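Numbering (the numbering used here), first residue to last: 4 to 141. The structure under discussion appears below in the form of structure tokens.
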């Protein structure tokens with residue numbers, strides 16, 4: 004009996020979420036939204052940095068002007084950051100409170116055992132706070 008009541012409650016809650024997620028949007032609003040992105044589009048070639056799987060990313064091929072990289076949530080894989088440091092000389096600031104340290108050592112690596120979140124607390128910095136601590140405004 005209790006199982007049926009819990010099942011009905013879960014179905015009712017999930018059904019409500021599903022209804023909110025699938026509300027229709029008129030075509031004009033959708034076109035306006037997508038056009039806002041098209042207007043900002045810049046055709047820049049992409050380059051893959053890092054590993055072939057996790058730790059590899061496609062980024063604009065404009066690394067000459069890149070001075071620093073901030074990587075929240077590094078985890079045990081940091082092939083992207085390692086490639087930026089070793090192949091391109093880019094300083095990498097990495098943060099992750101879920102790991103004890105980085106799996107690599109490099110002079111351009113800076114690691115903080117912290118989470119990056121919406122509010123500052125003992126083990127969490129905001130993105131703005133982190134950037135300002137590492138690259139103070141001139």
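Beta carbons: idealized from backbone N, C-alpha and C, even for Gly. A quick note: this is a predicted structure, and the numbers were derived from the prediction, not measured.
Going by DSSP, what residue range makes up the beta strand (DSSP E) through residue i?
i           : result
residue 71  : 71–75
residue 114 : 112–115
residue 94  : 94–98
residue 49  : 49–53
residue 61  : 59–63
Skipping 5 residues on each side, what residues in its chain have a beta carbon closer than 8 Å to that of residue i?
i           : result
residue 106 : 79, 80, 81
residue 126 : 100, 116, 117, 118
residue 60  : 51, 52, 53, 83
Who are the Cβ neighbours of residue i in its own chain at under 7 Å, not counting the five residues just before and after it?
i           : result
residue 132 : 123
residue 134 : 73
residue 71  : 93, 94, 96, 138
When we look at the beta-carbon of residue i and count the other beta-carbons within 10 Å, is it buried (16 or more) or exposed?
i           : result
residue 104 : exposed
residue 97  : buried
residue 53  : buried
residue 44  : exposed
residue 87  : buried
residue 83  : buried
If you follow the alpha helix (DSSP H) that residue i is part of, which residue opens it and which one closes it?
i           : result
residue 41  : 30–43
residue 82  : 82–91
residue 136 : 130–137
As a quick exercise: from the options, pick the residue whose alpha carbon is nearest that of residue i.
i           : options     : result
residue 69  : 91, 128, 86 : 91
residue 130 : 76, 85, 89  : 76
residue 119 : 100, 38, 59 : 100
Would the stretch 31–39 count as touching the stretch 58–69 if we require 3 or more Cβ pairs under 8 Å?
no
Flag this pair as touching only if the stretch 101–118 and the stretch 37–51 have three or more C-beta atom pairs under 8 Å; answer yes or no.
no
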